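Student: To start, I am sharing the structure in question, which I have written as structure tokens.
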Amino acid sequence: AQSVTQPDIHITVSEGASLELRCNYSYGATPYLFWYVQSPGQGLQLLLKYFSGDTLVQGIKGFEAEFKRSQSSFNLRKPSVHWSDAAEYFCAGGSGAGSYQLTFGKGTKLSVIP
Amino acid sequence: NAGVTQTPKFRVLKTGQSMTLLCAQDMNHEYMYWYRQDPGMGLRLIHYSVGEGTTAKGEVPDGYNVSRLKKQNFLLGLESAAPSQTSVYFCASRRGFGELFFGEGSRLTVL
Numbered sequence: 016a017q018s019v020t021q022p023d024i025h026i027t028v029s030e031g032a033s034l035e036l037r038c039n040y041s042y043g044a045t046p047y048l049f050w051y052v053q054s055p056g057q058g059l060q061l062l063l064k065y066f067s068g069d070t071l072v073q074g075i076k077g078f079e080a081e082f083k084r085s086q087s088s089f090n091l092r093k094p095s096v097h098w099s100d101a102a103e104y105f106c107a108g109g110s111g112a113g114s115y116q117l118t119f120g121k122g123t124k125l126s127v128i129p
Numbered sequence: 186n187a188g189v190t191q192t193p194k195f196r197v198l199k200t201g202q203s204m205t206l207l208c209a210q211d212m213n214h215e216y217m218y219w220y221r222q223d224p225g226m227g228l229r230l231i232h233y234s235v236g237e238g239t240t241a242k243g244e245v246p247d248g249y250n251v252s253r254l255k256k257q258n259f260l261l262g263l264e265s266a267a268p269s270q271t272s273v274y275f276c277a278s279r280r281g282f283g284e285l286f287f288g289e290g291s292r293l294t295v296l
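From first to last, the protein sequence lines stand for chains A and B.
Going by the working numbering, the first residue of the first sequence is number 16, and it counts up by one from there.
Going by the working numbering, the first residue of the second sequence is number 186, and it counts up by one from there.
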């Protein structure tokens, strides 16, 4: 079955530290992948997306993600976290060939220590 | 430039009551989706539509019905609300296999 897994439920980092949020996928074909961010009480905002081509994808707010087929991963990174990055982050994936659904991971909540 | 608009944003129901959530998008997107979000569960797909007049079941469709009579609107109905349907509901739309654009959510409480 197609799935997206976020192994970390909650991560705490200090402001200014680097960040990596993990996402693993299970798809037969090459998936297309997304990272979304959700602030409390808000909807979901797209950070970045991967469809094909360059495996290192740049997004908004200084985030980037790298698609690694050999590890079935699409981890989100940021070199220096700001207090305003505290939010919940969701990885999502889908595949082509007539599949209209996107599958979401269960999310990783990020807390930032000032 | 509203994007995806959900109404109402908050609603409290008693068990057994019915209600309809309305989702409207102004981006001329073909695909529309209803998700529910519960703590620790991420977003789970309830129903989706790939075009006007079409609907399909997602991961958790039981207890919900949907209709897409117009391309821009996607309605989610609860015929007999249950406390297990207390959740935050998100509507989303997309063009082809692009990213999802989300509404701001509708918080439903069933007593």
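We put the beta carbon where it would ideally sit given N, CA and C, even for glycine.
Predicted, not measured: the structure shown is a model, and the values here were computed from it.
Along the chain, where does the beta strand (DSSP E) containing Met204(B) start, and where does it finish?
Tutor: Within the second sequence, residue 204(B) is the residue found at index 19, counting from 1. Start and end: Met204 to Gln210.
Student: Can you round the beta-carbon distance between Gln21(A) and Ser110(A) to whole angstroms, since I take them to be within the 8 Å contact cut?
Tutor: Here residue 21(A) corresponds to residue number 6 of the first sequence, with the count starting at 1. Here residue 110(A) corresponds to residue number 95 of the first sequence, with the count starting at 1. Not quite, the Cβ-Cβ distance comes to about 18 Å (not below 8 Å), so this is no contact.
Student: Note down the Cα distance separating Gln257(B) from Ala32(A), rounded to an integer number of angstroms.
Tutor: Residue numbering aside, residue 257(B) sits at position 72 when the second sequence is read from its first letter. Residue numbering aside, residue 32(A) sits at position 17 when the first sequence is read from its first letter. If I take the Cα positions, the gap works out to 43 Å.
Student: Based on Cα-Cα distance, which residue from Gln57(A), Gly74(A) and Pro94(A) lies nearest to Gly288(B)?
Tutor: Translated into the one-based positions of the second sequence, residue 288(B) becomes position 103. Answer by Cα proximity: Gln57(A).
Student: Assuming Phe119(A) and Leu228(B) make a contact with CB atoms under 8 Å, what is their CB distance in whole Å?
Tutor: Stepping through the first sequence from its first residue, residue 119(A) is reached at position 104. Stepping through the second sequence from its first residue, residue 228(B) is reached at position 43. Phe119(A) to Leu228(B), Cβ: 4 Å. Contact.
Student: Using CA coordinates, which residue listed in Gln191(B), Leu263(B) and Val245(B) is at the minimum distance from Val295(B)?
Tutor: As a position in the second sequence, residue 295(B) is number 110, starting the count at 1. Among Gln191(B), Leu263(B) and Val245(B), the Cα nearest to that of Val295(B) is on Leu263(B).
Student: Any contact of the stretch 40-58 of chain A with the stretch 85-95 of chain A, i.e. 3+ C-beta pairs under 8 Å?
Tutor: Yes: at least three Cβ pairs fall under 8 Å.
Student: Measure from the alpha carbon of Glu30(A) to the alpha carbon of each residue in Gln60(A), Pro94(A) and Ile24(A), then state which is nearest.
Tutor: Numbered from its first residue, the first sequence carries residue 30(A) at position 15. Taking only the C-alpha atoms, the option nearest Glu30(A) is Pro94(A).
Student: Within a Cβ cutoff of 6 Å, which residues of the same chain sit near Tyr216(B), ignoring the five residues on either side of it in sequence?
Tutor: Start at 1 with the first residue of the second sequence, and residue 216(B) comes out as number 31. Excluding positions up to five away in sequence, the list reads Val235 and Arg279.
Student: Hey, out of Gly68(A), Lys64(A), Leu34(A) and Pro55(A), whose CA is closest to Cys106(A)'s CA?
Tutor: Counting from one through the first sequence, the residue named residue 106(A) turns up at place 91. For the residues Gly68(A), Lys64(A), Leu34(A) and Pro55(A), the minimum Cα distance to Cys106(A) belongs to Lys64(A).
Student: Nearest by alpha-carbon distance to Pro55(A): which of Ile128(A), Ser67(A), Gly74(A) and Ala102(A) is it?
Tutor: Looking up residue 55(A) in the first sequence gives position 40. Considering only alpha carbons, the answer is Ala102(A).
Student: Please name the residues in the stretch 218-244 of chain B whose beta-carbon is closer than 7 Å to at least one beta-carbon of chain A, in chain order.
Tutor: Cβ contacts with chain A: Gly225, Met226, Gly227, Leu228, Leu230, Tyr233, Val235 and Gly243.
Student: So is Val197(B) buried or exposed if we call it buried at 16+ other beta carbons inside 10 Å?
Tutor: Locating residue 197(B) in the second sequence gives position 12, where the first residue counts as 1. Its Cβ having fewer than 16 others within 10 Å, Val197(B) is exposed.
Student: Quick one: is Phe259(B) buried, meaning 16 or more other Cβ sit within 10 Å of its Cβ, or exposed?
Tutor: The count along the second sequence starts at 1 and reaches residue 259(B) at position 74. So Phe259(B) ends up on the buried side.
Student: My output table needs one value for Ile128(A): the three-state DSSP class, helix, strand or coil.
Tutor: Walking along the first sequence from the start, residue 128(A) turns up at place 113. In this structure, Ile128(A) counts as strand in the three-state DSSP scheme.
Student: Hey, out of Arg92(A), Tyr51(A) and Ser67(A), whose CA is closest to Gln60(A)'s CA?
Tutor: Looking up residue 60(A) in the first sequence gives position 45. If we check each option's Cα against that of Gln60(A), Tyr51(A) comes out closest.
Student: What residues in its chain sit with their C-beta under 6 Å from that of Ile128(A), if we drop five residues either side in the sequence?
Tutor: For this step, residue 128(A) is matched to residue 113 along the first sequence. Once the five neighbours on either side are set aside, the close Cβ partners of Ile128(A) are Ser29.
Student: State the beta-bridge partners of Val4(A) as determined by DSSP.
Tutor: With chain A covering 16 to 129 only, the question about residue 4(A) has no answer from this structure.
Student: CA-CA distance, Thr45(A) and Ser67(A)?
Tutor: The residue labelled residue 45(A) in the question sits at position 30 within the first sequence. The residue labelled residue 67(A) in the question sits at position 52 within the first sequence. So the two alpha carbons sit approximately 8 Å from each other.
Student: With a threshold of 8 Å between beta carbons, is Gln73(A) in contact with chain B?
Tutor: As a position in the first sequence, residue 73(A) is number 58, starting the count at 1. No, because no Cβ of chain B sits closer than 8 Å to the Cβ of Gln73(A).
Student: With distances taken Cα to Cα, identify the nearest neighbour of Asp223(B) among Ser269(B), Phe282(B) and Gly238(B).
Tutor: Reading the second sequence from its first residue, position 38 is the one you call residue 223(B). The shortest Cα separation from Asp223(B) among Ser269(B), Phe282(B) and Gly238(B) belongs to Ser269(B).
Student: According to DSSP, is Ser85(A) helix, strand or coil?
Tutor: On the first sequence, position 70 is the one that residue 85(A) refers to. In this structure, Ser85(A) counts as helix in the three-state DSSP scheme.
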